[in-house]
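The working numbering applies: residue 114 is where the sequence shown begins, and numbers increase by one.
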Amino acid sequence: LWQYIIESFSKSLNPASYKAWFGPAEPVQYIDQTLIVNVPTPLHRDYWTQKLNGQISDLIQEVSGEKITVLAKLPSDPNPLANSESVTTPKKVSVAENNNSSSFLKETQLNDRYTFDTFVVGKGNQLAHAAALAVAEEPGVFYNPLFFYGGVGLGKTHLMHAIGHQMLENRPDAKVKYVTSESFANDFISSIQTKRQEEFRREYRSVDLLLVDDIQFFADKVGTQEEFFHTFNALYDDKKQIVLSSDRLPNEIPKLQQRLVSRFKWGLSVDITPPDFETRIAILRNKAEAEHVSIPDDTLSYIAGQIDSNIRELEGALMRVEAFSSMTRTPISTSLAAEALKNLKVSGKSSKLTIPIIQDKVAKYYHVTIADLKGKKRVKSIVIPRQIAMYLSRELTDASLPKIGNEFGGKDHTTVIHAHEKIAEALHTDTTLQKEVNELRAELQD
Ligand code: ADP
Ligand code: MG
114 LWQYIIESFS KSLNPASYKA WFGPAEPVQY IDQTLIVNVP TPLHRDYWTQ KLNGQISDLI
174 QEVSGEKITV LAKLPSDPNP LANSESVTTP KKVSVAENNN SSSFLKETQL NDRYTFDTFV
234 VGKGNQLAHA AALAVAEEPG VFYNPLFFYG GVGLGKTHLM HAIGHQMLEN RPDAKVKYVT
294 SESFANDFIS SIQTKRQEEF RREYRSVDLL LVDDIQFFAD KVGTQEEFFH TFNALYDDKK
354 QIVLSSDRLP NEIPKLQQRL VSRFKWGLSV DITPPDFETR IAILRNKAEA EHVSIPDDTL
414 SYIAGQIDSN IRELEGALMR VEAFSSMTRT PISTSLAAEA LKNLKVSGKS SKLTIPIIQD
474 KVAKYYHVTI ADLKGKKRVK SIVIPRQIAM YLSRELTDAS LPKIGNEFGG KDHTTVIHAH
534 EKIAEALHTD TTLQKEVNEL RAELQD
């Protein structure tokens, strides 16, 4: 658990904050969904209490569906769980590892765990893997840009880092840069503020390999897109390799400039789809071996059967089983795994939820008919529920945009994108809408 937490935060925080807040933190105990963490100063304790505790619970709830409570205390404060059965923390949890994992943020910002060696190839990612290898071996030659798209937790980031590692192995002097679209945007904006645009351009345009992750977050950022367009052109003209990822195809990213969309199509776009059962088992087995944990085959199958959509969640489940075993000092077995995972509600998309179910719920909720949702009437009292139903179909099912359009009386996929965007935007400000959509979402995911 701790390992997972520090890795996630080492990626999401900037290195300095990560070091400041997590460096000296020490997990003390995890019991009854409560994690106790020792921190060195009252200032740390306040910061943890006001910010990190909540962020950590949110993170864990997102990956595992479980609500945990985090309590930060000074070593001299009494341990509120001291009366409960005393347990040792899992063996992987140590401050030494904590320090290690902040140092994997090397110059190139590549995560050492994300290599081709640790990547399990299966049906859903075969093509992506092959393309990644090709690009790492012959950058700028075959597919430029290489564009990965697919749902969260399916290995896009992992493959991008693997390309970076491989290229550095082949050519240690190569300049490899991995950024998320957000850090590209932040770098760009701060370069303007500090009048260091020249430096920014030199930095980004002198690389041999540029990896930009999650470019769906370029939506809305007009200036950044403009700059990225020029970065792209400069690198492309120099035959430098560009690799991009997104949760969807370029033309499905709202507000992405057409000229970027068309450039992204110059290369190869490959999708990554969820792993099949065998691949999930292979991933679990690899992971367990890497951590020197022995797990019986039937238990691996059990876990692989519980989680079927997302590799991050699969890893989260394995981690829970390991933590549960080490906390209860019981060897890992299928019944232990069942116990450890019993509260686990697979978060996010549910395979059972279908578009007709969503339409039905939304229609009842807003007192309109399903025919209205599928129809073309432009009155507000129907348009909004229709857009909400499309939005929820997009958010809560795996259906493709054309499929959603079809289910809504044969509408074009751009209508679906538009509806999704409209609602997503309105949700930022409209509290009534927030409440309604949350209620619907909760009912549908029940
Ligand atoms: P994405 O970027 O698509 O959201 P990530 O690359 O972050 O997904 O993958 C989520 C987690 O799953 C990472 O810890 C990654 O190492 C692991 N993972 C994903 N695909 C594989 C795979 N094919 N083999 C082994 N681990 C994988
Ligand atoms: Mg990613």
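A virtual CB, placed ideally from N, CA and C, is assigned to each residue, including glycine.
Straight-line Cα distance separating residue j from residue i
i, j, result
"Asn211", "Ile181", "Note that Asn211 scores 32 on pLDDT, short of 50, meaning its location in the model is unreliable; the coordinates nonetheless yield the value given after this. If you take the alpha carbons of Asn211 and Ile181, they lie about 20 Å apart."
"Arg158", "Tyr131", "15 Å"
"Gln310", "Val356", "23 Å"
"Pro191", "Leu505", "46 Å"
"Met503", "Glu250", "42 Å"
"Arg315", "Asn127", "22 Å"
"Pro258", "Pro285", "22 Å"
"Ile169", "Phe437", "19 Å"
"Leu81", "Leu449", "Only positions 114 to 559 of the chain appear in this structure, which leaves residue 81 out of reach."
"Val481", "Lys465", "24 Å"
"Gln222", "Ser439", "32 Å"
"Thr528", "Ala275", "37 Å"
"Pro252", "Asn224", "20 Å"
"Leu184", "Lys368", "41 Å"
"Leu373", "Ile149", "47 Å"
"Lys82", "Ser422", "Residue 82 lies beyond the range of the chain shown here (114 to 559); nothing can be said about it."
"Ile561", "Gln239", "Since the first residue of the chain shown is 114 and the last is 559, residue 561 is not available in this structure."
"Gly277", "Thr447", "38 Å"
"Val292", "Gly268", "16 Å"
"Gln419", "Ala401", "17 Å"
"Ala555", "Glu549", "10 Å"
"Phe135", "Gly264", "29 Å"
Buried versus exposed, by CB contacts within 10 Å (16 or more), residue i
i, result
"Asp350", "exposed"
"Leu156", "exposed"
"Phe392", "In the sequence on display, residue 392 carries Thr and not Phe. Buried, since its Cβ has 16 or more Cβ neighbours within 10 Å."
"Ile305", "exposed"
"Pro363", "buried"
"Gly266", "buried"
"Glu312", "exposed"
"His533", "buried"
"Ser359", "buried"
"Val335", "exposed"
"Pro498", "buried"
"Phe122", "buried"
"Met125", "Strictly speaking, residue 125 in this sequence is Ser, with Met absent from that position. The residue is exposed, with fewer than 16 neighbouring Cβ atoms inside 10 Å."
"Lys236", "exposed"
"Ser382", "buried"
"Pro469", "exposed"
"Leu187", "exposed"
"Trp379", "exposed"
"Val254", "exposed"
"Val248", "buried"
"Asn151", "buried"
"Thr576", "An answer regarding residue 576 cannot be provided, because it is not within the stretch 114 to 559 covered by the chain."
Heavy atom of the ligand MG within 7 Å of residue i beta-carbon
i, result
"Asp473", "no"
"Asp384", "no"
"Asp511", "no"
"Asp326", "yes"
Of the listed residues the options, nearest to residue i (C-alpha basis)
i, options, result
"Ala560", "Gln354, Leu540, Thr527 and Ile416", "Residue 560 lies beyond the residue range present for the chain, which begins at 114 and ends at 559; the question has no answer from this structure."
"Phe260", "Gly266, Glu250 and Leu272", "Leu272"
"Gln370", "Phe341, Arg393 and Leu381", "Phe341"
"Ala326", "Arg314, Lys334 and Glu295", "Sequence inspection shows Asp at residue 326; the Ala mentioned does not correspond to that position. Out of Arg314, Lys334 and Glu295, Glu295 has the C-alpha closest to the C-alpha of Asp326."
"Gln142", "Asn346, Pro193 and Trp134", "Pro193"
"Ile530", "Thr542, His541 and Lys516", "Lys516"
"Ala417", "Val406, His405, Val434 and Ala403", "Val434"
"Thr443", "Val406, Lys400 and Ala476", "Val406"
"Ile396", "Ser375, Asp384, Glu426 and Lys290", "Glu426"
"Glu175", "Gly136, Ile118, His526 and Val289", "Ile118"
"Asn283", "Ile501, Leu114, Thr386 and Leu322", "Leu322"
"Met280", "Asp525, Thr467, Asp333 and Leu246", "Leu246"
"Gln547", "Ile501, Leu514, Gly518 and Thr447", "Ile501"
"Glu552", "Lys535, His343, Ile420 and Lys474", "Lys474"
"Ile445", "Ile408, His278 and Tyr160", "Ile408"
"Asp145", "Ala453, Ile483, His242 and Asp543", "Ala453"
"Gln338", "Leu557, Ser319 and Ala298", "Ala298"
"Arg226", "Phe301, Asn399, Gly523 and Arg554", "Asn399"
"Ser513", "Lys288, Glu365, Leu348 and Val320", "Glu365"
"Thr61", "Ile173, Ile302, Phe301 and Phe232", "Nothing about residue 61 can be read from this structure; the chain reaches only from 114 to 559."
Residue-chain proximity (residue i, chain C), Cβ-Cβ < 8 Å
i, result
"Val152", "Checking the listed chains, one finds no chain C in this structure; it contains a single protein chain."
Neighbouring residues (CB closer than 5 Å to any heavy atom of the ligand ADP):
Phe232, Val233, Val265, Gly266, Leu267, Gly268, Lys269, Thr270, His271, Ile396, Ile424 and Arg425
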